[in-house]
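These notes concern the structure reproduced below.
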Amino acid sequence: MSLHIISHIARILSSFVVCILITSSAFSQSTPHSFLLPIDIPPLLSANYGELRPNHFHGGLDFKTQSIVGKNLIAIDSGYVSRIQVRPSGYGLALYITHYNGYTSVYGHLLSLNQKIDSVVKAYQKFHTKNIVDIHFQSHELPIQRGEIIGLSGNSGSSGGPHLHFEIRDSKTQNTLNPLLFYPQIVDKSRPKITAIGVYPLDSSSFVSQARSKKFYKVLTNKSEGLQKISEPIHAWGTIGFSVQGNDFMQGTGHVYGFYTVKLLCNDTVLYARRIDEISFENTADINSFIDYTEYAKTKRYFEKAFVEPNNTLQVYTHLHNYGKYSAKTIDTVTCEFIVGDFNENMAAVTFTVIQQPIHDTILSKLPPYPQKNSCKLPFTHTLQGFTFTGNEQTFFTDFTFTATVDTLNPKKRYHSHRYSIKSDQLIFKKAASIQIQSHVPKELQEKAIIELSNAAGAKSPILATFDEQGIASGYTKRPGTFGVVLDTVAPFVKPNFANNGNLQANKSLSFKISDNFSGIKEYNAYVDDEWVILNYDAKSATVYLKFADTNMQFNTKHSLRIEVRDMCNNTTTKEYSFFK
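In this note's numbering, each number is its position in the sequence shown, counted from 1, plus 29.
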């Protein structure tokens, strides 16, 4: 067995356990198994494990499939199918195989399953008359052999192009594990690159460049020397945090990847070190504290913060000194360094100078007062003229301020409540906050009512609401913005991609477009000759497919087709067509 793999597994354990007695049985569960690759073509990656994504860490590897669908997918070891999901978004068609060694493999964005598995899924869908399913199996129902072709790669769900999303999980915890721990044959010889660093004053007595605001510094590369540096020294005072931006690379692809390891040192003292080998679904949303979320929201740039906020409970940190915060409270000049690496220990580093100087009194007197912040560790409630905004000690990652306003104007009489704005660039949510709005929606229309959330750019999104006897609409949000109660009485849009009464003898399927104006698609069903049939919905293209092979219809005759699409406010569109097949 590869010593490289063993050393990495040992490092996973040391990251999470302070003191542990490793029994022989526990060690066997932690030792990498000799898994087959999940594809039968040369392995090239379009994304690595732990990459920074909106609201989550990437939980697996994305294998390239030569820009096409239909590549064979291989069972990496013997086991049994434990779960199958069919969804219009997310992983789309996804297959879970539980192996007998304590691991589970996950295959996402599939085109299809092998005949043995597919027949079971379709029988389940038909029996329950459900297109969207999440099926769990017992160990004896669908056994799988090592090397068996279990399906074909695809582009289903929220996929940006043909590929295989592949995960290895701990079967007991369902935590995702870094698949590269199990595949030493996936070699990378390209070094990562640091592109910028950020510096942050972290309290009322801290400053960067004589200001209470963060500042970013572009990293320059000296190609002749291969060194990275910033163009100017950093002037700072007080309690300071740092962040880093950059990418990793792999030979043979044009993709960029995330760092595997990051370390920050100041005057040779390690302030911060982390490595991503395991992520729990409970904590994956903590990425919004792991990164500078405010900067990401504005520019879509990912800066990893090398300091840890109070409600960040990620278990990826291997060393923290004062939570990664640097104390620049004596007049001095110090040298700091970021070191980043990939899984194959290709490294990059940037060294920078911090000049520690207190702020002049004349400048300090001209700065606006430091805002009084709410503690993220205390329950919180704010009320304003028929509006209540409530959080608990786990709602926000760090201490925060915000402004709340009410707008009683009602343009075009669209709103059935006042509009309430919560504005702050410091309000980063760990858990959803509760909102309650006093509405004046008639009781008979409450089924059609929904809370509208508008962001700073004016983009609108729905929040499902419940109503009490007093007409108070209640919902949950993980974003600030402007909230108001509106009605959605418009049924979904349905447009067939075939001619009514058309001859479809040469077709293997038919399709139609569906969309909704606001609350979103809840359910979609079709009936051929009054018999329910399976539909495949691709949400990213807003297209629903009906495969004739999935029906019991007789051929060489005329058929009726009824399509029913319902949105989240129970507005329903029904369309009827005929075709010859």
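For glycine and all other residues, C-beta sits at the position ideal for the given N, C-alpha and C.
Near residue i, which residues of its chain fall below 6 Å by C-beta distance, leaving aside the five closest residues on each side in sequence?
i: residue 624; result: Residue 624 lies beyond the stretch modelled for the chain, which goes from 30 to 610, so this question has no answer here.
i: residue 43; result: Residue placement at residue 43 is poorly supported in this model, since its pLDDT is 38, which falls under 50; the coordinates still yield a value, given next. Once the five neighbours on either side are set aside, residue 43 has no close Cβ partner at all.
i: residue 612; result: Any question about residue 612 goes unanswered here, given that the chain covers just 30 to 610.
Should residue i go down as buried or exposed, given a rule of 16 or more other Cβ atoms within 10 Å for buried?
i: residue 605; result: exposed
i: residue 612; result: The structure shown has nothing for residue 612, since the chain only spans 30 to 610.
i: residue 598; result: buried
i: residue 497; result: exposed
i: residue 446; result: buried
i: residue 32; result: Low confidence applies to residue 32: its pLDDT is 36, below 50, so where it sits in the model is not reliable, and the reading given next is rough at best. Exposed, because fewer than 16 other Cβ atoms sit within 10 Å of the Cβ of residue 32.
i: residue 369; result: buried
i: residue 165; result: exposed
i: residue 69; result: exposed
i: residue 136; result: buried
i: residue 56; result: Confidence at residue 56 is low in this model, with a pLDDT of 31, below 50, so the placement of that residue is unreliable and no value is reported for it.
i: residue 610; result: buried
i: residue 88; result: buried
i: residue 590; result: buried
i: residue 129; result: exposed
i: residue 97; result: exposed
i: residue 223; result: buried
i: residue 321; result: buried
i: residue 513; result: buried
i: residue 486; result: exposed
Do you know offhand how far residue i's Cα is from residue j's?
i: residue 202; j: residue 77; result: 21 Å
i: residue 339; j: residue 171; result: 45 Å
i: residue 547; j: residue 523; result: 15 Å
i: residue 356; j: residue 191; result: 48 Å
i: residue 163; j: residue 154; result: 10 Å
i: residue 550; j: residue 216; result: 43 Å
i: residue 348; j: residue 375; result: 20 Å
i: residue 328; j: residue 334; result: 16 Å
i: residue 593; j: residue 156; result: 18 Å
i: residue 311; j: residue 407; result: 21 Å
i: residue 242; j: residue 262; result: 17 Å
i: residue 111; j: residue 236; result: 54 Å
i: residue 289; j: residue 240; result: 33 Å
i: residue 478; j: residue 557; result: 33 Å
i: residue 213; j: residue 452; result: 48 Å
i: residue 199; j: residue 132; result: 5 Å
i: residue 140; j: residue 272; result: 40 Å
i: residue 462; j: residue 411; result: 11 Å
i: residue 363; j: residue 383; result: 5 Å
i: residue 188; j: residue 346; result: 30 Å
i: residue 124; j: residue 114; result: 7 Å
i: residue 86; j: residue 313; result: 6 Å
i: residue 588; j: residue 526; result: 16 Å
i: residue 66; j: residue 194; result: 13 Å
I'd like to know whether the C-beta atoms of residue i and residue j end up nearer to each other than 7 Å.
i: residue 608; j: residue 516; result: no
i: residue 204; j: residue 307; result: yes
i: residue 472; j: residue 424; result: no
i: residue 108; j: residue 138; result: no
i: residue 315; j: residue 351; result: no
i: residue 552; j: residue 595; result: yes
i: residue 264; j: residue 238; result: yes
i: residue 428; j: residue 404; result: yes
i: residue 117; j: residue 566; result: yes
Cutting at 8 Å between CB atoms, please list the residues of its own chain near residue i, excluding the five before and the five after it.
i: residue 401; result: 430
i: residue 354; result: 231, 268, 269, 270, 300 and 336
i: residue 249; result: 257, 258, 259 and 260
i: residue 158; result: 554 and 561
Starting from the C-beta of residue i, find all residues in its chain whose C-beta is less than 7 Å away, skip the five residues before and the five after it, and write them out in chain order.
i: residue 330; result: 274 and 324
i: residue 519; result: 546 and 600
i: residue 127; result: 108, 109, 111, 133 and 200
Checklist entry - Between the stretch 401-416 and the stretch 462-470, do three or more beta carbon pairs fall short of 8 Å? => result yes
Next on the checklist: Would you call the stretch 569-585 in contact with the stretch 534-548, where contact means no fewer than 3 C-beta pairs closer than 8 Å?
Outcome noted: yes
Checklist entry - Is there contact here, the stretch 97-113 with the stretch 166-186, by at least three beta-carbon pairs under 8 Å? => result yes
Checklist entry - Between the stretch 356-365 and the stretch 382-398, are three or more C-beta pairs nearer than 8 Å? => result yes
Checklist entry - Any chance the stretch 579-589 sits against the stretch 495-511, with 3 or more Cβ pairs inside 8 Å? => result no
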